[in-house]
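Read left to right, the sequence shown gives residues 0 to 100 (numbering that gives the first Met the number 0). All C-beta atoms in this analysis are idealised placements derived from N, C-alpha and C, irrespective of residue type, glycine included. Given the structure is predicted, the values throughout are model-derived calculations rather than measurements. Report on the following structure.
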Amino acid sequence: MLKIKKGDTVKVIAGKDKGKEGKVIAVNAKKSTVLVEGINMITKHTKPSMANQNGGIVQQEGPIDMSNVMYVHKGTATRVGFKMDGDKKVRYAKSTGDVID
Numbered sequence: 000m001l002k003i004k005k006g007d008t009v010k011v012i013a014g015k016d017k018g019k020e021g022k023v024i025a026v027n028a029k030k031s032t033v034l035v036e037g038i039n040m041i042t043k044h045t046k047p048s049m050a051n052q053n054g055g056i057v058q059q060e061g062p063i064d065m066s067n068v069m070y071v072h073k074g075t076a077t078r079v080g081f082k083m084d085g086d087k088k089v090r091y092a093k094s095t096g097d098v099i100d
């Protein structure tokens, strides 16, 4: 089970975008990377195609390692843990002890 899921708000704690916050667009569990909105922007040169008639240079998000982002709970970055809530396994914020989902 992953500590960060699609739709979570995360803060970057290492790299060129350190300190920035954004929403998780996609999670790659095999490579343990995440795509975060507006973070780690890369330029991609695209050929003209049916979808994009002109082609050209496109800005898009690049993947970041999951270890370089932290979950944001109530405006502050916090570590995430797992605990059993009855018979269900849930994520919780370690700083406050609140259940996330």
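Start-to-end residues for the beta strand (DSSP E) that takes in residue i
i	result
V98	Premise fails: V98 is in no beta strand (DSSP E) and is neither H nor E.
G80	V79 to D84
K29	Unbroken run through K29: none, as it is neither H nor E.
K88	K87 to A92
K10	T8 to V11
Buried or exposed (CB count within 10 angstroms, at least 16 for buried), residue i
i	result
I63	buried
V89	exposed
M65	buried
D7	buried
H44	exposed
M49	exposed
G96	exposed
N39	buried
V98	exposed
N53	exposed
G21	buried
I57	Sequence check: residue 57 is Val here, not Ile. The residue in question, V57, is exposed, as its Cβ has fewer than 16 Cβ neighbours within 10 Å.
Close-in-space but distant-in-sequence residues of the same chain around residue i (CB under 7 angstroms, 5 per side omitted)
i	result
I41	Q59 and G61
G18	V11
T32	P62, I63, D64 and M65
Spatial neighbours of residue i in its chain, beta-carbon cut-off 6 angstroms, leaving aside the 5 residues before and after
i	result
R78	K93
CB contact flag (residue i, residue j, <8 angstroms)
i	j	result
V23	V35	yes
Y70	I3	yes
N51	A13	no
Close-in-space but distant-in-sequence residues of the same chain around residue i (CB under 8 angstroms, 5 per side omitted)
i	result
T75	S94
query = Which runs of the alpha helix (DSSP H) fall wholly inside the stretch 37 to 79 and span at least 4 residues, in chain order?
reply = none
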